[in-house]
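In the working numbering, the protein residues as written are 187 to 655. All C-beta atoms in this analysis are idealised placements derived from N, C-alpha and C, irrespective of residue type, glycine included. No experiment lies behind these values; they were computed from the predicted model shown.
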Amino acid sequence: MRRLSLLVLALAAHTAFAAPAPTRIPDDALRTAAVLREQALADDTGWKVVESLTTEIGPRIAGSEADARAVAWAQAKFRELGFDRVWTEPVSFPKWERRSEKAEVLGTHAQPLAITALGGSPGGTVEAEVVRFADLAALQAAPAGSLAGKIAFVDYQMIAARDGRGYGPGGAVRSRGPSEAIRKGAIGFVMRSAGTDSHRVPHTGITRYDEGLTPVPSAALSVPDANQLARLVARGPVRIRLALDCGWDGEYTSHNVIGEITGRSLPKEVVVIGGHLDSWDLGTGAVDDAAGVGITMAAGHLIGKLKRAPKRSIRVVAFANEEQGLYGGRAYADKYGDDLKLHQIAAESDFGAGRIYAFNTGSPAPEGSREATRQIAGALAPLGIEYAPTQGGPGPDIGPIAAKGGAWAWLAQDGSDYFDLHHTADDTLDKIDPQALAQNVAAYTVFAYLAAEAEGDFGSRPKEAGAGK
Ligand code: ZN
Ligand code: ZN
């Protein structure tokens, strides 16, 4: 008896002074998650939300009249789906508009080219000889002044991959190519779209001009048009005319739209999931990113229908203006990033509507939550999702709060065909497979519910000054 009480005392002392117990997911929560998972697979809420947003609002470039309608739509949709609290938070940014765009080959082989202005491009009409570069490095290697009076053409073909790794170098042509071309003296910039399709649909996307440079008209050619222009250039000098009417036009204030399911015992602590509400203007933004909005709204809705709410709140965020610079994600981190204790974990769905194949929290997950992450991965396994303990990264709008030390989860979607559609007129509802979308909803539902039920945290801690990237 005495020995036992000594042992108890020793154990108590050990617990009081040792590191906090590892985070774990209670068994009853795992049982509820298994039921939720099957319900979500048979539920079409996600699909209906995506159908509603892409049909009723359509294209919704940040700062447009449709942006405002999308904000009103999201508030109404959260209410319709039974969220306990619905509110908006202002997000301001400069407004960019596309009005018209045209390009053509001049001279002997005169013909039109399918192009689209890059977001952020100034308007203007330029007519000049094209100089082709195989990739960004070749443009960077061109001698200073060698493009004086010319139009640079970067002809880099990005590769398709399940994890989208081709977008790093493909997207770099778009973000850095125009500034490099201006440094060499170019008066215009065209690129092979950062895309993996073979359709005559150019891919837009934001570009930035380095400070001190005078921006020049910058556009992307569809992949077949880039092939065509490359063949013409191989035959001899080619002049093109690029005529863009677009540009920056004042400031605009949009909103992050937020819906919350109130937690039963720790309501101030939140699991954050979401997608971005804005899209580019060419398609209806179905895979980018009505899908993410639909997946996470549906997940919140299904958790909200439980008889017993999870311990913590589920917060679904439809972020404003991701496309032109993560404005919604940055505003969110500015507002909530100083109170990371309340920020259990966050995940954004913004990689299309393909099936989720891998899961992780942090890369690697902090030691104290590794076992809980493994438990969640176990609950996701029947969906064909594997635990990837050393891989992943936060979604774009989660990046800013993750940089402050917020915990994040990675639910990796199969992006094999994402860049066939991304930022094009082809990004429309018919490209989404309802079954794959339901698998995404099931995964987000299980993840968010279990993270909200966890005993312990996932390592949200303020990063020491200078420790972050
Ligand atoms: Zn996106
Ligand atoms: Zn996008």
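Which residue from the options puts its Cα closest to that of residue i?
| i | options | result |
| --- | --- | --- |
| Ala416 | Ala226, Leu299 and Arg255 | Leu299 |
| Thr547 | Val419, Leu418, Ser238 and Ser646 | Ser646 |
| Thr240 | Asp230, Ala252 and Asp229 | Ala252 |
| Ala429 | Lys263, Asp603, Val312 and Asp612 | Val312 |
| Asp213 | Ala640, Arg421 and Asp606 | Ala640 |
| Arg271 | Gly471, Pro423 and Gly449 | Gly449 |
| Glu437 | Gly581, Ser602 and Ser278 | Ser278 |
| Ser365 | Ala598, Pro403, Gly249 and Asp525 | Pro403 |
| Ser238 | Ala248, Ala226 and Ala262 | Ala262 |
| Ile531 | Glu508, Ser499 and Glu557 | Ser499 |
| Glu572 | Asp524, Ala629, Gly523 and His608 | Ala629 |
| Asp553 | Thr482, Leu526, Leu597 and Phe644 | Per the sequence presented here, residue 553 reads as Glu, with Asp not at that position. It is Phe644 whose Cα lies nearest to the Cα of Glu553. |
| Leu304 | His609, Gly354, Gln625 and Val627 | His609 |
| Ala314 | Ala504, Lys336 and His295 | Lys336 |
| Gly138 | Thr209, Pro208, Ala228 and Gly244 | Any answer about residue 138 is impossible in this case: the structure gives the chain only from 187 up to 655. |
| Leu528 | Trp282, Ala495 and Ala593 | Ala593 |
| Ala574 | Ala296, Lys649 and Ala595 | Ala595 |
| Arg427 | Thr400, Ile211, Gly293 and Arg348 | Gly293 |
| Ala412 | Glu266, Asp383 and Ile392 | Asp383 |
| Val479 | Asp464, Ile489, Ala405 and Ala258 | Asp464 |
| Val627 | Lys493, Thr482 and Gln343 | Thr482 |
| Asp536 | Ala420, Asp583, Gln343 and Gly306 | Asp583 |
| Phe319 | Ser451, Ala420, Asp229 and Arg210 | Ala420 |
| Asp349 | Ala637, Gly579, Leu623 and Val359 | Gly579 |
| Glu242 | Asp230, Ala256, Thr231 and Gly232 | Ala256 |
| Trp466 | Lys454, Asp435, Gly486 and Ala506 | Ala506 |
| Ala563 | Gly306, Thr631 and Lys454 | Thr631 |
| His385 | Asp603, Thr576 and Ala598 | Asp603 |
Can you tell me whether residue i is buried or exposed, with buried defined as 16 or more other CB within 10 angstroms of its CB?
| i | result |
| --- | --- |
| Thr302 | buried |
| Gly268 | exposed |
| Arg378 | buried |
| Arg516 | buried |
| Ala202 | Confidence at Ala202 is low in this model, with a pLDDT of 49, below 50, so its placement is unreliable and the value that follows should be read with caution. Its Cβ having fewer than 16 others within 10 Å, Ala202 is exposed. |
| Asp273 | It is Trp, not Asp, that sits at residue 273 in the sequence shown. It counts as exposed. |
| Ile542 | buried |
| Ala260 | buried |
| Leu195 | Residue placement at Leu195 cannot be trusted, given a pLDDT of 47 that sits under 50; what the coordinates show is reported in the next sentence. The residue is exposed, with fewer than 16 neighbouring Cβ atoms inside 10 Å. |
| Gln510 | buried |
| Arg501 | buried |
| Ser555 | buried |
| Asp396 | exposed |
| Pro329 | exposed |
| Arg284 | buried |
| Gln621 | exposed |
| Lys281 | buried |
| Pro568 | exposed |
| Ala504 | buried |
| Glu669 | Nothing about residue 669 can be read from this structure; the chain reaches only from 187 to 655. |
| Gly381 | buried |
Look up residue i in the DSSP assignment and give the residues it is bridged to.
| i | result |
| --- | --- |
| Gly529 | Contrary to the premise, residue 529 reads as His rather than Gly in this sequence. His529 is bridged to Val456. |
| Gly374 | Ile337 |
| Val147 | Lying outside 187 to 655, the shown extent of the chain, residue 147 is not represented and no answer is given. |
| Pro276 | His441 |
| Gly391 | The partner list for Gly391 (beta bridge, DSSP) is empty, contrary to what the question assumes. |
| Leu430 | Glu287 and Gly310 |
| Leu407 | Ile301 and Arg378 |
| Ile542 | Gln599 |
| Trp466 | Bridge partners of Trp466: none, in fact. |
| Tyr573 | Phe545 |
| Glu534 | Gly460 |
| Arg672 | Past the boundaries of the shown model lies residue 672; the chain is included only from 187 to 655, so the question cannot be answered. |
| Arg425 | Glu315 |
Which whole-angstrom value is the C-beta distance of residue i and residue j, which I expect to be below 8 Å?
| i | j | result |
| --- | --- | --- |
| Ile618 | Val317 | The Cβ separation is near 40 Å, so there is no contact. |
| Asp474 | Gly514 | Asp474 to Gly514, Cβ: 14 Å. No contact. |
| Gly642 | Ala558 | 7 Å |
| Ser440 | Gly249 | 7 Å |
| Ala565 | Ala219 | 5 Å |
| Ala296 | Glu290 | 7 Å |
| Ala338 | Ala367 | 4 Å |
| Ile145 | Ala634 | Outside the displayed span of the chain (187 to 655) sits residue 145, for which this structure offers no information. |
| Ala334 | Gly371 | 4 Å |
| Leu222 | Leu452 | Contact flag wrong, Cβ pair sits at about 19 Å. |
| Tyr518 | Ile447 | Contact doesn't hold; Cβ gap of about 18 Å is too wide. |
Check whether the Cβ of residue i lies closer than 7 Å to any Cβ atom in chain B.
| i | result |
| --- | --- |
| Ile531 | Reference to chain B is not applicable here, since this structure consists of a single protein chain. |
**Report entry** 4 or more residues per run - each alpha helix (DSSP H) lying fully within the region 234 to 271
**Finding:** 251 to 266
Query raised in the report: Which ranges would you report for the alpha helix (DSSP H) in the region 575 to 648 if only whole runs of at least 4 residues count?
Result: 585 to 589, 604 to 607 and 620 to 639
Report task. With a floor of 4 residues, list each alpha helix (DSSP H) that falls wholly inside the region 293 to 362, ordered by position along the chain. Result -> 322 to 327
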